Amino acid sequence: MAKVLIIGSGGAGLVSALSAKESGAEVIVASKTLPTRSQTSMAQGGMNAVLASDDSIESHIADTLRSSAGLGDEARITQMCEKAPEAVRWCNTIGLPFSRNERGEIARRRLGGASAPRACYAQDYTGLKLLHTLFDQCLKAGVEFRNDRFLLNLIVNQETNRVLGATFLHIESGEVEEIRADSVILATGGYGALYGKHSTNSVQATGDGLAAAVRAGVKLADMEFIQFHPTALKSSSILISESARGAGGYLLNGNRERFTDELAPRDVVARAIHEEMSKSGAVYLDIRHLGEKFIDHELPQERKLAKLYEGIDPVHELIPIKPSAHYSMGGIEVNEQCMSSVSGLFAVGECANHKTHGANRLGGNSLLELIVYGRECGKNAAEYGNKYPVPVLDNTQSIKDTNFVRGVMYFTNQIDFYQKQEMLANIFYNNVGLVRDDMGLKAVLGAIRQMQKELSFMGPRDKSKICNTNLVEFIEFGNKIELAEIIVVSAISRVESRGAHYRSDAPERNDRMFGAHTITWKEDGVLCADFIQ
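In structure tokens:
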């Protein structure tokens, strides 16, 4: 029986866990938080699938390719879109409580960039209800969960380029633990927390899996592409779902005038809002005309969030909004089997780059991707582990990581890393955000490298061993600045505007200029960026 270690307990990790378990594997899911707190809960709008006779899979493929701005892989996108109806039926079978239309069919709404209403939804809680359903099924299937495990590093045999497992800081005990496995799946999510208060993501989305992967020699791809959701609450960056616009909501400028197509692709809408805010100072989402009955039935979460975080009732008032960092299109480069450049190491979900989103993700495709590729990934990881059991090899990674954790406790705290973290978030939002230029990007790169030099002066104030969240947050900050350098180097290298990557000092998209963009560490620690045609 293969032993599959899954790192991350969001939707992608739980789907993979169920799939690997169904394939006969022993499955361990390790995560730094509880499964029901993952970022999947913030996916509100729905899951794309062609279920109606007046829609077509070809249209779904075309919409996804168009949104990807020339960087989506047509074969991978076709695979995802063709498997979408089956994915929705599978979710229905395991108990996801989809909303229904008057005929009792799974209800669908149109999201931005789509040519038809094909996003299957559960009110505006689709991701949350999916997450709870998956967790229930994993418990029923006997999946083993190890929570409060913060990923430190992957254990890789450099001679064979084979993953052997991973090391974790057990937050509760303060001890470094090692988990060996025949195959490992990274499902650790994206890196939106780099943008701090300017992101719709939770504070947990610190890119730990990506940082560990690149330290292990794994190839990352297209890290410069970060999607900004057009409608986050202005004061808090709390997400207001695209379902609000899909239901007929309007975008209004400071003069209360509509100024763009509300259901254009996200990158287009977000930049239109950014431009309008620079002119009139404010942009609003208006759903008042939808009526209280409709809002309470179809958009109950949006009303609650607006009341709680903005102090307004959208039934009667306009919702002040702004674009905020939302989704990481870049990630671990994987092949058709979801395996990375390290043998036995798989990746799925937002931390992976399946080449289905390209330069800009189509709304409604994130939940779809994690279902389609999560089922594929779990099965493939179990099969790989059965075929190639992990060899019993000595490795010093756990010793190194134990010494690292102990060493961090000797770091001084002359500099407050929380202040540096906030500074990083602000300069990222302003210079590595919706609109970028070479000067701004290079200024950010200089600031990042200064932070890297000062890291040993930013140690945790709390020197205790048990439940030391200050220590965890310091290590997360280290991961953030490691990824920040990669993102900015990638953004500087891409001297063009494409999808979510918009350069004010460069030409518009040119398909002959650049293809996929991969980045790895050289042996001397210098970043190496390559454009692959």
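The numbers in the sequence shown follow numbering that gives the first Met the number 0, run straight up by one, and end at 532.
Cβ coordinates follow ideal geometry from the N, Cα and C atoms, glycine included.
All figures in this text were calculated on a predicted structure; none of them were measured in a lab.
Closest to residue i by CA distance: which of the options is it?
i      : options                           : result
Gly71  : Phe224, Asn156 and Leu298         : Phe224
Leu317 : Ala490, Arg302 and Val488         : Arg302
Leu262 : Gln43, Pro229, Val488 and Ser279  : Pro229
Val217 : Gln78, His315 and Ala346          : Ala346
Arg88  : Tyr308, Glu507, Ile370 and Met41  : Ile370
Glu421 : Ala446, Asn402 and Lys399         : Ala446
Ser98  : Val282, Leu129 and Val431         : Leu129
Asn152 : Asn394, Ser66 and Gly498          : Asn394
Pro116 : Leu232, Ala192, Ser58 and Val268  : Ser58
Ser279 : Pro34, Val443, Arg255 and Arg265  : Arg255
Lys233 : Ile154, Pro322 and Leu289         : Pro322
Ala324 : Ile331, Gln396, Val333 and Arg265 : Arg265
Thr32  : Gly12, Ala24, Leu17 and Lys20     : Gly12
Ala243 : Ala305, Ala186, Val202 and Phe227 : Ala305
Glu484 : Met450, Leu344, Phe403 and Met457 : Met450
Ala24  : Asn430, Asn379, Ser201 and Ala499 : Asn379
Ala140 : Asp123, Glu335, Lys20 and Ile486  : Lys20
Val443 : Tyr428, Ser455 and Met457         : Tyr428
Arg65  : Leu392, Ala113, Ser503 and Asn100 : Ala113
Leu95  : Glu73, Glu101, Ala121 and Lys82   : Ala121
Gln226 : Ala246, Ser235, Asp295 and Asn200 : Asn200
Ser235 : Val202, Met222 and Asp221         : Val202
Thr402 : Ser503, Val175 and Glu241         : The amino acid at residue 402 is misidentified as Thr; the sequence shows Asn. Ranking Ser503, Val175 and Glu241 by Cα distance to Asn402 puts Val175 first.
Gly206 : Met328, Gly363, Phe416 and Asn334 : Met328
Arg257 : Glu275, Glu241, Gly498 and Gly245 : Glu275
Ser52  : Arg107, Gly10 and Gly498          : Arg107
Arg214 : Gly458, Glu73, Gly245 and Leu482  : Leu482
Met569 : Ala381, Ala192 and Met222         : Outside the shown range of the chain, which is 0 to 532, sits residue 569, and nothing can be said about it.
Ser492 : Met222, Glu101, Gly164 and Ala192 : Met222
Lys479 : Lys292, Asn100 and Phe416         : Phe416
Tyr501 : Asp436, Arg448, Ser463 and Thr468 : Asp436
Quick one, are the C-beta atoms of residue i and residue j less than 8 Å apart?
i      : j      : result
Gly188 : Leu110 : no
Ala68  : Ala358 : yes
His353 : Tyr372 : yes
Leu361 : Asp54  : no
Val471 : Ile170 : yes
Ile178 : Ile5   : no
Ala48  : Cys119 : yes
Ile414 : Glu368 : no
Val341 : Val162 : yes
Ser8   : Ser22  : no
Gln43  : Thr125 : yes
Ile56  : Cys90  : no
Val541 : Ala180 : Given a span of 0 to 532 for the chain in the structure shown, any question on residue 541 remains unanswerable.
Leu219 : Gly330 : yes
Cys350 : Glu375 : no
Thr39  : Ile60  : no
Val407 : Leu168 : no
Ala490 : Leu440 : yes
Ile426 : Ile320 : no
Leu344 : Leu185 : yes
Val267 : Ile294 : no
Val431 : Val487 : yes
Our contact map puts residue i next to residue j with C-beta atoms below 8 Å; I'd like the distance itself, whole angstroms only.
i      : j      : result
Ile540 : Leu50  : Because residue 540 is not part of the residues shown, which for the chain are 0 to 532, the question remains open.
Ser182 : Val3   : 5 Å
Thr533 : Arg75  : The requested residue 533 does not occur in the structure, where the chain is confined to residues 0 to 532.
Gly377 : Ser15  : 4 Å
Tyr326 : Ser365 : 7 Å
Ser538 : Ile465 : The shown model of the chain, from 0 to 532, leaves out residue 538, and the question about it has no answer.
Leu298 : Asp123 : 5 Å
Phe456 : Thr411 : 5 Å
Gln396 : Ile154 : 5 Å
Measuring only between beta-carbons, confirm whether residue i sits less than 8 Å from chain B.
i      : result
Tyr283 : As a matter of chain content, chain B is missing from the structure shown, which is built from one protein chain.
- Item | Whole alpha helix (DSSP H) elements within the segment 394-434, 4-residue minimum | 396-407 and 416-430
- Item | Minimum length 3: unbroken beta strand (DSSP E) runs contained in the segment 442-492 | none
- Task: Say whether the segment 210-224 touches the segment 140-148, bearing in mind that this needs 3 or more beta-carbon pairs closer than 8 Å, one atom from each stretch.
- Result: By the Cβ criterion, the segment 210-224 is not in contact with the segment 140-148, since fewer than three pairs of Cβ atoms, one from each stretch, lie closer than 8 Å.
- Query: In chain order, which continuous runs of the beta strand (DSSP E) of length 3 or greater are located wholly inside the segment 110-182?
  - Reply: 143-145, 148-156, 161-169 and 174-179
- Message: So within the segment 28-85, which uninterrupted alpha helix (DSSP H) runs reach at least 4 residues, ignoring any that extend past its ends?
- Response: 56-66 and 73-81
- Item | Three or more C-beta pairs below 8 Å linking the segment 305-316 and the segment 189-203 | no
- Query: Below 8 Å, can you find three or more Cβ-Cβ pairs linking the segment 151-158 to the segment 127-136?
  - Reply: no
- Message: Counting beta carbon pairs with one atom in the segment 276-291 and one in the segment 247-257, are three or more of them shorter than 8 Å?
- Response: With a cut-off of 8 Å, the segment 276-291 and the segment 247-257 count as touching, because enough Cβ pairs lie within range.
- Item | Runs of alpha helix (DSSP H) wholly within the segment 288-361 (minimum 4 residues, chain order) | Fully enclosed alpha helix (DSSP H) runs of 4 or longer: 291-297 and 299-304.
- Item | Sequence ranges, alpha helix (DSSP H) only - wholly within the segment 173-248, length at least 4 | Whole alpha helix (DSSP H) segments, 4+ residues: 207-214 and 242-245.
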